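**Q** With the first letter of the sequence shown counted as 1, position 18 gets the number 373 in this note's numbering; the numbers rise by one all the way through.
All C-beta atoms in this analysis are idealised placements derived from N, C-alpha and C, irrespective of residue type, glycine included.
Everything numeric in this text was worked out from a predicted model, so none of it was measured.
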Amino acid sequence: MSNDALQTLLSQFSYYIAEQNFDHQDWERITTEQGAVDTARKIDSFFRSWKWGNQDRAHNTLRFLKVLCERGDEDTALAIMSQAYDLVGGADAEELEDYPALQALEDEQISHADSVPLFTHTAESFIDIENTTDDFYDDLIENINKCYRIGVYDGTFVLTRKLLENLVIDLLRKEYPKSYLRMYYIPEYGRFRNFSELLEVFEYRLKDYQSYSNGMNTELISDINRFRESANSDAHSIVRNPEQEEIKDLGEDAEHAAKVMFRALRNMD
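1) Whole angstroms is fine: what's the gap from Leu553's alpha carbon to Tyr540's?
2) Going by DSSP, which residues form a beta bridge with Tyr540?
3) Relative to the C-alpha of Glu497, which residue among Asp483, Gly506 and Thr488 is closest?
4) Given this structure, state the Cα-to-Cα distance separating Lys406 from Asp604, to the nearest angstrom.
5) For the alpha helix (DSSP H) holding Met616, just list the boundary residues, first then last.
6) Tell me which residues share the same chain as Ala590 and place their Cβ nearer than 6 Å to its Cβ, disregarding the 5 neighbours each side in the sequence.
7) Between the C-alpha atoms of Thr573 and Tyr564, what's the straight-line distance to the nearest angstrom?
8) I need the straight-line Cα distance from Leu561 to Asn580, nearest angstrom please.
9) Can you confirm whether the segment 415-425 touches the segment 365-385 when touching is taken to mean that 3 or more C-beta pairs between the two stretches lie within less than 8 Å?
10) With C-beta atoms as the reference, is Leu457 less than 8 Å away from Tyr371?
11) Roughly how many angstroms lie between the CA atoms of Val422 and Asp428, to the nearest whole one?
12) Restricting to Cα atoms, I'd like to know which of Leu433, Arg396 and Val392 is closest to Leu365.
13) What does a CB cutoff of less than 8 Å around Val556 pick up in its chain, not counting 5 residues either side in sequence?
14) Identify, in the order they occur along the chain, each residue of the same chain with its Cβ nearer than 8 Å to the Cβ of Ala360, setting aside the five sequence neighbours on each side.
15) Return the residue from the list Glu479, Ala613, Leu495 and Lys529 that minimises the CA-CA distance to Ile505.
16) Please work out which residues of its chain come closer than 6 Å, Cβ to Cβ, to Phe491, disregarding the five sequence neighbours upstream and downstream, and give them in chain order.
17) If you follow the alpha helix (DSSP H) that Glu460 is part of, which residue opens it and which one closes it?
18) Whole angstroms are fine: how far does the CA of Thr488 sit from the CA of Asn521?
19) Can you grab the Cα-Cα spacing for the pair Asp430 / Ala612, in whole Å?
The structure is reproduced here in structure tokens:
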């Protein structure tokens with residue numbers, strides 16, 4: 356594909372996908388599976404614009420894809436577009452008329468078979484948790500296990516870390532009212548504190564949760580810390596393609612920690 360054709364496809368795809376039933380969770384899953392989630396996070400407001408359906412989500416998508424191409428990752432950009440295109444079911448005749456460059460995806464001129472394994476590495480689940488508290492967590496756990504089964508172990512790690520971080524946030528939000536907001540949230544920046552800060556607060560307040568769930572102890576903090584420390588020790592450690600045995604060893608810790616926190620959340624209702 357020529358550079359001019361590629362640039363046209365990037366633009367038309369970005370505006371096409373912004374019109375589809377697509378959200379930030381879809382982007383998090385795809386970019387994680389393709390090893391591009393860190394790049395996406397560096398694009399200002401990329402995930403936020405998709406989460407809230409902002410008007411600039413097409414523009415942010417184009418910026419993200421162009422950054423990948425500019426650094427020589429054209430194949431990753433193409434694989435991401437192909438995977439997203441497949442996920443929404445492809446364009447109809449009218450949409451292809453509006454965005455003719457999508458014909459490249461429609462004709463399967465681009466394949467992401469080399470980037471996303473099409474076979475199952477294992478039938479096992481990374482974490483086995485049934486009693487969650489809402490659909491968000493059900494979907495997240497499903498995506499964690501999908502990544503694990505197809506051998507995308509960096510994605511397994513990233514999404515599991517997200518699971519534990521969100522559980523800590525939900526526990527802090529439930530126990531402490533808005534007057535304690537700054538304990539875990541930074542209003543002037545419109546974001547929660549980073550994972551390390553959240554975990555420090557949670558550990559300090561751990562005794563406040565012991566009546567809600569057994570297992571609210573140092574072992575829990577140690578299990579969560581394995582994900583915090585692994586991510587913080589090396590900025591690139593998340594995307595270094597860990598082996599199955601290496602990531603499998605973390606599964607028991609993640610499952611134990613998540614079950615303890617889910618039990619607490621249910622008992623706080």
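**A** A quick look at the data gives this:
1) Taking the first residue of the sequence shown as 1, we reach residue 553 at position 198. Taking the first residue of the sequence shown as 1, we reach residue 540 at position 185. The C-alpha of Tyr540 is placed about 9 Å away from the C-alpha of Leu553.
2) By one-based count along the sequence shown, residue 540 stands at place 185. For Tyr540, which the question treats as bridged, DSSP gives the partners Phe547.
3) The residue labelled residue 497 in the question sits at position 142 within the sequence shown. Among Asp483, Gly506 and Thr488, the Cα nearest to that of Glu497 belongs to Asp483.
4) Taking the first residue of the sequence shown as position 1, residue 406 is located at position 51. Taking the first residue of the sequence shown as position 1, residue 604 is located at position 249. When only Cα atoms are considered, Lys406 and Asp604 end up about 32 Å apart.
5) Residue 616 sits at position 261 when you count from the first residue of the sequence shown. Unbroken alpha helix (DSSP H) run through Met616: Gln599 to Met623.
6) To locate residue 590, count along the sequence shown from 1; it is residue 235. Low per-residue confidence applies at Ala590: pLDDT is 33, beneath 50, and the placement is therefore not dependable enough to give any value.
7) Residue mapping note: residue 573 aligns to position 218 of the sequence shown, counting from 1. Residue mapping note: residue 564 aligns to position 209 of the sequence shown, counting from 1. Rounded to the nearest angstrom, the gap between the Cα atoms of Thr573 and Tyr564 is 13 Å.
8) Along the sequence shown, read from residue 1 onward, the residue named residue 561 stands at position 206. Along the sequence shown, read from residue 1 onward, the residue named residue 580 stands at position 225. CA-to-CA, the gap between Leu561 and Asn580 works out to about 14 Å.
9) Yes, since at least three Cβ pairs between the segment 365-385 and the segment 415-425 fall closer than 8 Å, the two stretches touch.
10) Along the sequence shown, one-based indexing puts residue 457 at 102. Along the sequence shown, one-based indexing puts residue 371 at 16. Yes. Within cutoff.
11) To locate residue 422, count along the sequence shown from 1; it is residue 67. To locate residue 428, count along the sequence shown from 1; it is residue 73. The C-alpha of Asp428 is placed about 8 Å away from the C-alpha of Val422.
12) In the sequence shown, counting from the first residue as 1, residue 365 sits at position 10. Closest option to Leu365, Cα to Cα, is Leu433.
13) The residue labelled residue 556 in the question sits at position 201 within the sequence shown. If we look at Val556 and ignore the five residues flanking it on each side, its Cβ neighbours are Leu527, Met538, Tyr539 and Arg548.
14) As a first step, residue 360 must be located in the sequence shown, where it is residue number 5. Sequence-distant partners of Ala360 (beyond 5 residues in either direction) whose C-beta falls short of 8 Å from its own C-beta, in its chain, are Ala456 and Ala459.
15) Taking the first residue of the sequence shown as position 1, residue 505 is located at position 150. Considering only alpha carbons, the answer is Glu479.
16) Looking up residue 491 in the sequence shown gives position 136. Excluding residues within five positions, none has a Cβ falling inside 6 Å.
17) Within the sequence shown, numbered from 1, the residue matching residue 460 stands at position 105. Glu is not the amino acid found at residue 460; the sequence shown has Leu there. Under the DSSP assignment, Leu460 falls in the alpha helix (DSSP H) whose first and last residues are Gln458 to Glu461.
18) Looking up residue 521 in the sequence shown gives position 166. Looking up residue 488 in the sequence shown gives position 133. Straight-line Cα distance between these residues: approximately 12 Å.
19) Looking up residue 430 in the sequence shown gives position 75. Looking up residue 612 in the sequence shown gives position 257. About 37 Å.
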